[in-house]
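Just below is one structure, and these are the notes that go with it.
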Amino acid sequence: MKRVWASRWHWAFTIAIVIYPLLWIWQGLDFTDTGFAITNYNLIFRDPHSIHYWGFNYWLTDVVGGVWLLAFGKLGLFGIRLASALLMLATNYLVYRLYRGWMAKGVLLLTILVGETLIERMYWLNYDNLSAFLFVVSGFFLIRGLAMRSSTRVFLAGLVLGVNMFARVTNAAGLVMILAIFISAAATHTTVRKQIAQAVFFLLGVIGASAAVILAMRGMGQWTDFVENLGTLFSIAGGHGNTHSSASLLTQLMHDQTFAWRTVLYALAVFLCLSLGNFLLKRVKPHVSQVIFNGVSLLTVIYILGDGWQDRFQMVAGLTGILYGTLIFSLMVALRRKDGVLASATSVSLLILFSVPLGSDFGIRLSVYGMYLALPLASHLLWTILPAFRNLNRIGWTSTSLRSVLIILLLGLFTVGLISGYQYTYRDVPNRLSMTEPLKNAKLQFVYTTAARANVTNQLLDVLPTFVHPNDVLMAYEETSLLYYLTDSRPYLNTSWPMLYDPNRFQSALKQAEQSHHRLPVVVRATGATADFYWPNVTHLRLDYRHNMDRALMNLFLKQHHYLLAWENSFFQILVPPNFKPGSSQPGR
16 MKRVWASRWH WAFTIAIVIY PLLWIWQGLD FTDTGFAITN YNLIFRDPHS
66 IHYWGFNYWL TDVVGGVWLL AFGKLGLFGI RLASALLMLA TNYLVYRLYR
116 GWMAKGVLLL TILVGETLIE RMYWLNYDNL SAFLFVVSGF FLIRGLAMRS
166 STRVFLAGLV LGVNMFARVT NAAGLVMILA IFISAAATHT TVRKQIAQAV
216 FFLLGVIGAS AAVILAMRGM GQWTDFVENL GTLFSIAGGH GNTHSSASLL
266 TQLMHDQTFA WRTVLYALAV FLCLSLGNFL LKRVKPHVSQ VIFNGVSLLT
316 VIYILGDGWQ DRFQMVAGLT GILYGTLIFS LMVALRRKDG VLASATSVSL
366 LILFSVPLGS DFGIRLSVYG MYLALPLASH LLWTILPAFR NLNRIGWTST
416 SLRSVLIILL LGLFTVGLIS GYQYTYRDVP NRLSMTEPLK NAKLQFVYTT
466 AARANVTNQL LDVLPTFVHP NDVLMAYEET SLLYYLTDSR PYLNTSWPML
516 YDPNRFQSAL KQAEQSHHRL PVVVRATGAT ADFYWPNVTH LRLDYRHNMD
566 RALMNLFLKQ HHYLLAWENS FFQILVPPNF KPGSSQPGR
């Protein structure tokens, strides 16, 4: 009977894992990051130079997205969202394949489901979820390669990591995965000579993949743009006063890691207090001590989860810290027991968890994309490893209490993730019940948003074909990147997000564009901040220094060339040069 119920739960978890990513891909309309990404995909083969600024940091992601659009372009934006759901399912399938032989199946499936609710909140194919997938593939081969002493699998791990470095250039931090070869060696009884050989095979894989990608870039004529983009990236890293400078990233890293490890100490203190309380209670009322201990433990877990829900940064950073602690403890157990499989899995997962957010100004918040392999190992620790420790049983941590804490933790995290997934629509309103209005554009089929947002967008898209034709050069700014994809146009300033430029680069880009383009572009801009969740019901623009200066430079450009307001609604404006004729392919100078 127990097996029947277990099987039913397994099927229920599996169905939920498949369905969950498909729930959230229908709603929400974002003009910023989503538009930036899909415009890059749309132009990577057709006109890569027009999107090379910043977009080439994610060259492989752009290529994968471009191939997807070539195959499924008729699905429009919805197709890119569907791709993200399928990518998540593929990632979770690999995690399941890796762990299914030595973890409790029900706990593994539940943990994978919980991970789905916590990890992905940006439902479109992007460099974060593609990087996470490739990290898992690389980790899959490396863990199996180390456990089985297979140089071929270690080589494949390096090969995939080498490819992943071009999905997002900061994925080069994943090279720290090579340390897993030496860390796990004590448990796998691998000789020093074999360790060096494995490290060489891993690096050969990285070098081979990198060489292949570079050759592909050269063959596509995109190597020069990639190198130029790298130069820009290093220039920004060496600068000051921006969030991607080396100093800012190092400061953020120290802050994030301090917070994470402070959470580890906090969790350890809670653990010790509960253990001491139970030890003292046993002396007074031994018959009820375990019941009280279990109840207090569960209430403590519930309180911590409730407190973490108030701030996603704190929750993710805290969870990252807890995973650091559990993985290090599991690694110590594996090394002591000479368990090569566990040692390989924990060392690889720990290094991926640490390296994924490096180089991003989002910091430790991106650690969620490194949790695919780590979360099941933490569950395995509480469900299987710790209950075998007799000393823990003596102070009240029985297998029942440990497993109860794990189940409450997983259900609590699932609840937090589910609520967050429902409310977070990526720069659209948090109330999904209000997002039932379809959009009329063919590229936005199956995408629903609020009536107000759909109304102003539909109005703009109805008239825009009069001003902009496919392959025209367009200048869309105030974070309206999606318009390039919707009109099949090309960015005037070599990026669909021109206000990413600092003022000096913005001014330089304008001058270069005037020299390289023989005609002035149609200009489309928003009159409110599209990064605000509640647009078009906002009238403010982003008013930081960079946006203010870029906006002033753009206003000067419009004034110098005598642009005229040709159309507007309550949120968008279309401006044209004085000699523009509606219906013409492109205005003259």
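Quick note on our numbering: the sequence shown kicks off at 16 and runs consecutively.
We treat Cβ as the ideally placed atom computed from N, Cα and C, and that holds for glycine.
message = At the level of alpha carbons, what is the spacing between Phe87 and Ser22?
response = The C-alpha of Phe87 lies about 36 Å from the C-alpha of Ser22.
Val363 versus Val539, Ser153, Asp48 and Met118, residue with shortest Cα-Cα distance = The residue among Val539, Ser153, Asp48 and Met118 with its C-alpha nearest the C-alpha of Val363 is Ser153.
query = For Gln460, which of helix, strand or coil comes out of DSSP?
reply = Note: Gln460 maps to coil in three-state DSSP.
key: Rounded C-alpha distance that separates Thr554 from Leu497   = In this model, Thr554 and Leu497 are separated by some 20 Å (Cα to Cα).
ask   = Where does Lys353 land, buried or exposed, given buried means 16+ other C-beta within 10 angstroms?
value = exposed
message = Quick check on Gln527: buried or exposed, where buried means 16 or more other Cβ atoms within 10 Å of its Cβ?
response = Exposed: under 16 other Cβ atoms inside 10 Å.
message = So, for Ala195: in the same chain, excluding its five sequence neighbours on each side, which residues have a beta-carbon less than 7 Å away from its beta-carbon?
response = Leu157, Leu161, Ser359, Ser362, Val363 and Leu366
ask   = In chain order, which alpha helix (DSSP H) runs of at least 4 residues are fully inside the segment 491 to 515?
value = 497 to 502
query = Taking buried to mean at least 16 other C-beta atoms within 10 Å of its own C-beta, is Ala389 buried or exposed?
reply = Counting Cβ neighbours within 10 Å, Ala389 comes out buried, since at least 16 surround it.
message = Given this structure, state the Cα-to-Cα distance separating Met386 from Gly130, to the nearest angstrom.
response = 7 Å
message = Please state the DSSP three-state secondary structure of Val178.
response = helix
request  = Kindly indicate the opening and closing residues of the beta strand (DSSP E) around Gln530.
outcome  = That residue, Gln530, is in no beta strand (DSSP E); its alpha helix (DSSP H) goes Pro518 to Ser531.
Inter-stretch contact at 8 Å, needing at least 3 Cβ pairs: the segment 142 to 153 / the segment 180 to 187 = yes
task = Would you kindly check if the distance between the Cβ of Arg447 and the Cβ of Glu493 is under 9 Å?
result = no
message = Quick check: the segment 89 to 101 against the segment 457 to 475, are at least 3 beta-carbon pairs closer than 8 Å?
response = yes
ask   = Do Leu501 and Val537 come within 9 Å of each other at the CB atom, strictly closer than that value?
value = At least 9 Å separates the beta-carbon of Val537 from that of Leu501.
Boundaries of the alpha helix (DSSP H) in which Val122 is found, first to last residue = Lys120 to Ile134
message = If you reduce the DSSP assignment to three classes, tell me which class Gln237 lands in.
response = coil
query = Under 9 Å between the Cβ atoms of Ala393 and Gly336?
reply = no
inquiry  = Determine whether the beta carbon atoms of Trp512 and Thr247 lie at a separation below 9 Å.
reply    = no
Stretch-stretch touch, CB-based, cutoff 8 Å, three pairs: the segment 46 to 54 with the segment 224 to 233 = no
ask   = Which partner residues does Pro453 have in the DSSP bridge list?
value = Tyr463
query = Can you tell me whether Lys455 is buried or exposed, with buried defined as 16 or more other CB within 10 angstroms of its CB?
reply = exposed
request  = May I have the straight-line CA-CA distance separating Phe377 from Arg409, to the nearest angstrom?
outcome  = 43 Å
request  = Report, in whole angstroms, the separation of the C-beta atoms of Phe587 and Val539, which I expect to be a contact under 8 Å.
outcome  = About 7 Å; that satisfies the 8 Å criterion.
task = Using three-state DSSP, classify Ala52 as helix, strand or coil.
result = Under the three-state reduction of DSSP output, Ala52 falls in the helix class.
request  = Could you pull the start and end residues of the beta strand (DSSP E) that Leu590 belongs to?
outcome  = Per DSSP, Leu590 belongs to the beta strand (DSSP E) from Phe587 to Val591.
Cα-Cα separation, Phe286 to Arg115 = 29 Å
key: Nonlocal neighbours in the same chain, by C-beta distance under 7 Å from Leu350, ignoring five residues either side   = Same-chain partners within the cutoff: Ala201, Ala202 and Ala358.
key: Val553 in three-state terms, based on DSSP   = Look at Val553 here: in three-state DSSP terms it is coil, with no helix or strand label.
inquiry  = Is the separation between the beta-carbon of Met192 and that of Leu171 shorter than 9 Å?
reply    = Result no, Cβ atoms of Met192 and Leu171 do not sit closer than 9 Å.
query = Cα separation between Val110 and Ile134?
reply = Rounded to the nearest angstrom, the two C-alpha atoms are 14 Å apart.
Integer-rounded CB distance, given that Leu397 should sit under 8 Å from Arg418 = Their Cβ separation, rounded to whole angstroms, is 7 Å, which keeps Arg418 and Leu397 in contact under 8 Å.
Host alpha helix (DSSP H) of Ser412 (start-end) = Looking at the sequence provided, one finds Trp at residue 412 rather than Ser. Taken as a continuous stretch (DSSP letters only), Trp412 belongs to no alpha helix (DSSP H), as it is neither H nor E.
ask   = Which partner residues does Leu579 have in the DSSP bridge list?
value = Val591
request  = To the nearest angstrom, report how far apart Asp271 and Tyr578 are at their CA atoms.
outcome  = 47 Å
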